[in-house]
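Trainee: I'd like to ask some things about the structure below.
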Amino acid sequence: MLHKTQGIALSYIRYRESSIIARVYTEAFGLQSYIINGVRSAKSKTNRIALFQPLTLLDMVVYYKEDRDLHRISEVKTPYPFQHIPFEVAKSSIALFVTEMLTKTLKEEASNPALFRFLLTSIVYLEEATEQYENFHLAFLLQLASFLGFGPESAGEFEAQLREHSVPFLADDTMSEAVNTFLSTPIHTPVRLNRAQRADLLDGLVAYYRIHFDNLGEVKSLAVLREVLG
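For what it's worth, our numbering labels the leading residue of the sequence shown as 661, then goes sequentially.
Structural data, given as structure tokens:
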């Protein structure tokens, strides 16, 4: 049966000679996998593979059956072509990191409208921001944790969990205040952190996610993000 849904592209892998299997977080069905044929063929007249680059927003018409792990797409387009995320080093580094974390943590194959709206508005903000978005990934991870069911209520709780699991994390008053701000205000709220504080908080957040996801594994985009933003 055909269904209309919005989606957020996360990743894709090559499949056979000219196809891909794309992972997409959808508004209607949660995390889904789709096979898209012919997008890597030299005969392909359109660059449809670009639609499945990290965080691309999609309007989709899809085939869906509950008992299947792999679905097909009837129609797909982006209503919001990116002008900045793929072409600016800082934004593309953030996008790769956010995408990798989402790929590792989003598992539910069911609709979650509140989570989808959070992801959608966050991505639009990252695309449109012209300044003071260097802390985006920090605020994003803290707020995402709440949607995933393990978000801390305060900086004190965040720091206590890290201590309980013997994570070496030394937060000063500025960092604690920043965490409380990230937890309680919109993702675009400006917060002043220096490069070292940003790097330390990023390491603390990844460690915090590892506490709750035993199989998180290596976060490959982390080194690039540290280099670009700290």
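We treat Cβ as the ideally placed atom computed from N, Cα and C, and that holds for glycine.
Because the structure is a prediction, the values reported are computed rather than measured.
Taking the Cβ atom as the reference point for each residue, do Phe757 and Leu843 lie within a distance shorter than 8 Å?
Mentor: Reading the sequence shown from its first residue, position 97 is the one you call residue 757. Reading the sequence shown from its first residue, position 183 is the one you call residue 843. No.
Trainee: Can you list, in chain order, the residues of its chain whose CB lies under 7 Å from that of Thr841, leaving out five sequence neighbours each side?
Mentor: Working through the sequence shown from its first residue, we reach residue 841 at position 181. Excluding residues within five positions, the ones whose Cβ falls inside 7 Å are Thr849 and Val851.
Trainee: Do Val827 and Ala856 have their C-beta atoms within less than 8 Å of each other?
Mentor: Residue 827 sits at position 167 when you count from the first residue of the sequence shown. Residue 856 sits at position 196 when you count from the first residue of the sequence shown. No, these two residues do not count as a Cβ contact at 8 Å.
Trainee: Excluding the 5 residues flanking Glu819 on each side, which residues of the same chain have their C-beta closer than 6 Å to its C-beta?
Mentor: Indexing the sequence shown from 1 puts residue 819 at position 159. Hits under 6 Å: Ala831.
Trainee: I'd like to confirm the pairing. Which residues does DSSP put opposite Ser679 in its beta bridges?
Mentor: Position 19 of the sequence shown, counting from 1, holds the residue named residue 679. Answer is Tyr675, bridged to Ser679.
Trainee: On the DSSP bridge list, what partners appear for Leu718?
Mentor: On the sequence shown, residue 718 is found 58 positions in, with the first residue counted as 1. According to DSSP, Leu718 bridges with Gly667.
Trainee: State the DSSP-derived secondary structure class of Ile970, mapped to helix, strand or coil.
Mentor: The structure shown does not extend to residue 970, since the chain spans only 661 to 890, so no value can be given for it.
Trainee: Pick helix, strand or coil for Val879, following the three-state DSSP scheme.
Mentor: Indexing the sequence shown from 1 puts residue 879 at position 219. If DSSP states are grouped into helix, strand and coil, Val879 belongs with coil.
Trainee: Below 8 Å between beta carbons: does that hold for Phe800 and Glu687?
Mentor: As a first step, residue 800 must be located in the sequence shown, where it is residue number 140. As a first step, residue 687 must be located in the sequence shown, where it is residue number 27. For Phe800 and Glu687, no; Cβs fall outside 8 Å.
Trainee: Exposed or buried, what is Gln692 when buried is set at 16 or more other beta-carbons lying within 10 Å of its beta-carbon?
Mentor: On the sequence shown, position 32 is the one that residue 692 refers to. So Gln692 counts as buried.
Trainee: Just how far apart, CA to CA, sit Leu822 and Arg728?
Mentor: Locating residue 822 in the sequence shown gives position 162, where the first residue counts as 1. Locating residue 728 in the sequence shown gives position 68, where the first residue counts as 1. Their Cα atoms are separated by approximately 39 Å.
Trainee: For Leu802, I'd like the list of residues in its chain whose CB is within less than 6 Å of its CB, leaving aside the five on either flank, ordered along the chain.
Mentor: In the sequence shown, residue 802 corresponds to position 142, counting from 1. Contacts found: Phe842 and Leu843.
Trainee: Following the continuous alpha helix (DSSP H) through Ser826, name the residue where it begins and the one where it ends.
Mentor: Here residue 826 refers to the residue found at position 166 when the sequence shown is read from its first residue. First-last for Ser826: undefined, no H or E at that position.
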